[in-house]
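Residue numbers (this note's numbering): 1 to 267.
Here the structure is laid out as structure tokens; the discussion comes afterwards.
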């Protein structure tokens, strides 16, 4: 599985964002996330005691070095994207880090956007919401509006987390964000609730009519500026997942497009 070993990496071509310089403010050699998604290209979480996070000064220095190099090399940059080895909003100094990033962006690439990919689990924190509002693009995850399916797909570390809690925090942005959803289906091994340490074979699918109706209702409630729906594109820790076809993805998007929503489909 892919782990990022630099603070500022790339640029890479993102199928959703364009030419993107990645920012990893999580540990450089370990994943740190509040989700353990079955489709995560970083693989599953591993227990790491006292994970070492880069500090604000290290992050700003690494970004400035990279931006100045790209400018000298004449490389176009569309976006600076916070993602990396896990959930970037876990960093305790994220508000200042994004402030520094915007300042350096203005200095070197003033037309580039600052984007944050977040799994939405830290939105209860005031500093996280302030940090996100500094960015140009807040790309916030909701993989299912049905709690049981969300838990199957995203495997939250907080076992009590519900889809309703995520939606309630997304509402705080008043629609000023991009909603991101990965559509997938497949058989997965699930923990057996009746026998600790054992597993049973289960099936997940967030493309059923029941799932889509709940998700459409959440979209209507949240009214996001943009909706990004996408399919698995790289190696996943669960090999039995199915990539949804472009025709089916376009069919999922169609009712929302008809209602005037801006929907980006990545297949």
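For each residue, glycine too, the CB sits at the ideal point set by N, CA and C.
Here the structure is a predicted model, which means the values were calculated and not measured.
*Determine the direct distance from the alpha carbon of residue 189 to that of residue 178, and round the result to whole angstroms.*
Taking the chain shown and counting its residues from 1, the one referred to as residue 178 is at position 178. Taking the chain shown and counting its residues from 1, the one referred to as residue 189 is at position 189. Near 31 Å, if we compare the C-alpha coordinates of residue 189 and residue 178.
*Please go through the segment 97-141 and give each complete alpha helix (DSSP H) segment of 4 or more residues, from N-terminal end onward.*
The qualifying runs are 126-134.
_Extent of the continuous beta strand (DSSP E) run through residue 181_ = Mapped onto the chain shown, residue 181 falls at position 181. From DSSP, the beta strand (DSSP E) with residue 181 extends over 178-182.
*asked:* Can you give me the C-alpha to C-alpha distance between residue 28 and residue 259, rounded to a whole angstrom?
replied: To locate residue 28, count along the chain shown from 1; it is residue 28. To locate residue 259, count along the chain shown from 1; it is residue 259. Straight-line Cα distance between these residues: approximately 43 Å.
*Starting from residue 243, trace the beta strand (DSSP E) both ways and give me its first and last residue.*
In the chain shown, counting from the first residue as 1, residue 243 sits at position 243. Looking at the DSSP string, the run of the beta strand (DSSP E) that includes residue 243 is 241-243.
*Scan the segment 29-104 and note each continuous beta strand (DSSP E) run of 3 residues or more that stays entirely inside, going in chain order.*
For the segment 29-104, whole beta strand (DSSP E) runs of length 3 or above, ordered along the chain, are 79-82.
*Does the separation of the CB atoms of residue 263 and residue 232 fall below 8 Å?*
As a working note, residue 263 is residue 263 in the chain shown. As a working note, residue 232 is residue 232 in the chain shown. Their beta carbons are not under 8 Å apart, which means residue 263 does not touch residue 232 by this criterion.
*Residue ranges of each beta strand (DSSP E) within the segment 199-237, 3 or longer*: For the segment 199-237, whole beta strand (DSSP E) runs of length 3 or above, ordered along the chain, are 199-205, 226-230.
*Identify the continuous alpha helix (DSSP H) that holds residue 249 and give its terminal residues.*
Counted from its first residue, the chain shown places residue 249 at position 249. Looking at the DSSP string, the run of the alpha helix (DSSP H) that includes residue 249 is 246-258.
*asked:* According to DSSP, is residue 151 part of a helix, a strand, or is it coil?
replied: By 1-based counting over the chain shown, the position of residue 151 is 151. Three-state result, residue 151: helix.
*My understanding is that residue 88 touches residue 118, with C-beta atoms under 8 Å, so please give their C-beta distance in whole angstroms.*
As a working mapping, residue 88 is identified with position 88 in the chain shown. As a working mapping, residue 118 is identified with position 118 in the chain shown. At roughly 7 Å, the Cβ-Cβ gap stays under 8 Å, so residue 88 and residue 118 are in contact.
_DSSP-derived helix/strand/coil call for residue 163_ = Locating residue 163 in the chain shown gives position 163, where the first residue counts as 1. If DSSP states are grouped into helix, strand and coil, residue 163 belongs with the helices.
*asked:* Suppose contacts are defined by Cβ-Cβ distances below 8 Å. Is residue 242 in contact with residue 175 by that definition?
replied: Taking the chain shown and counting its residues from 1, the one referred to as residue 242 is at position 242. Taking the chain shown and counting its residues from 1, the one referred to as residue 175 is at position 175. Their beta carbons are not under 8 Å apart, which means residue 242 does not touch residue 175 by this criterion.
*From the beta carbon of residue 57, is the nearest beta carbon of chain D less than 8 Å away?*
Note that chain D does not occur in the displayed structure, where there is just one protein chain.
*According to the Cβ coordinates, are residue 207 and residue 167 closer than 8 Å?*
The count along the chain shown starts at 1 and reaches residue 207 at position 207. The count along the chain shown starts at 1 and reaches residue 167 at position 167. The answer is no: Cβ separation not under 8 Å.
*Could you check if residue 65 is buried or exposed, using at least 16 other CB atoms within 10 Å of its CB as the buried criterion?*
For the purposes of this step, residue 65 is identified with residue 65 of the chain shown, where counting begins at 1. Residue 65 should be labelled exposed.
*Look at residue 153 and residue 222 and say whether their C-beta atoms are less than 8 Å apart.*
Locating residue 153 in the chain shown gives position 153, where the first residue counts as 1. Locating residue 222 in the chain shown gives position 222, where the first residue counts as 1. Cβ distance not < 8 Å, so residue 153 and residue 222 don't count as in contact.
*Report buried or exposed for residue 144, applying the criterion of at least 16 other Cβ atoms within 10 angstroms of its Cβ.*
On the chain shown, position 144 is the one that residue 144 refers to. With at least 16 other beta carbons inside 10 angstroms of its own, residue 144 counts as buried.
*Given residue 238, which residues of its chain have a CB within under 6 Å of its CB, disregarding the five upstream and five downstream residues?*
Your numbering for residue 238 matches position 238 in the chain shown. Closer than 6 Å at the Cβ level, and outside the excluded window around residue 238, lie 38, 188.
*Could you pull out every residue in the same chain whose Cβ sits closer than 6 Å to the Cβ of residue 93, ignoring the five residues on either side in sequence?*
Start at 1 with the first residue of the chain shown, and residue 93 comes out as number 93. Apart from the 5 residues on each side of it in sequence, residue 93 sits with its Cβ closer than 6 Å to the Cβ of 56 in its chain, given in chain order.
_Residue of 217, 109, 3, 249 minimising C-alpha distance to residue 72_ = Start at 1 with the first residue of the chain shown, and residue 72 comes out as number 72. Per the Cα distances, 109.
_Please return the same chain residues whose Cβ sits closer than 7 Å to the Cβ of residue 249, not counting the five positions on each side in sequence._
Start at 1 with the first residue of the chain shown, and residue 249 comes out as number 249. Take residue 249, set aside five residues on each side of it, and the residues of its chain with a beta-carbon closer than 7 Å to its own are 183, 229, 231, 265, 267, in chain order.
_I believe residue 53 touches residue 25 by the beta-carbon criterion, under 8 Å. Please report the beta-carbon distance rounded to the nearest angstrom._
Within the chain shown, residue 53 is the residue found at index 53, counting from 1. Within the chain shown, residue 25 is the residue found at index 25, counting from 1. Yes, they are in contact, since the Cβ atoms of residue 53 and residue 25 sit about 7 Å apart, within 8 Å.
*List the DSSP bridge partners of residue 145.*
For the purposes of this step, residue 145 is taken as the residue at position 145 of the chain shown. Beta-bridge pairing links residue 145 to no other residue.
*Would DSSP call residue 168 helix, strand or coil?*
As a position in the chain shown, residue 168 is number 168, starting the count at 1. Correct three-state label for residue 168: helix.
*Could you check which residue in 256, 97, 2, 14 has the C-alpha nearest to that of residue 220?*
Counting from one through the chain shown, the residue named residue 220 turns up at place 220. Of 256, 97, 2, 14, the residue nearest in Cα terms is 256.
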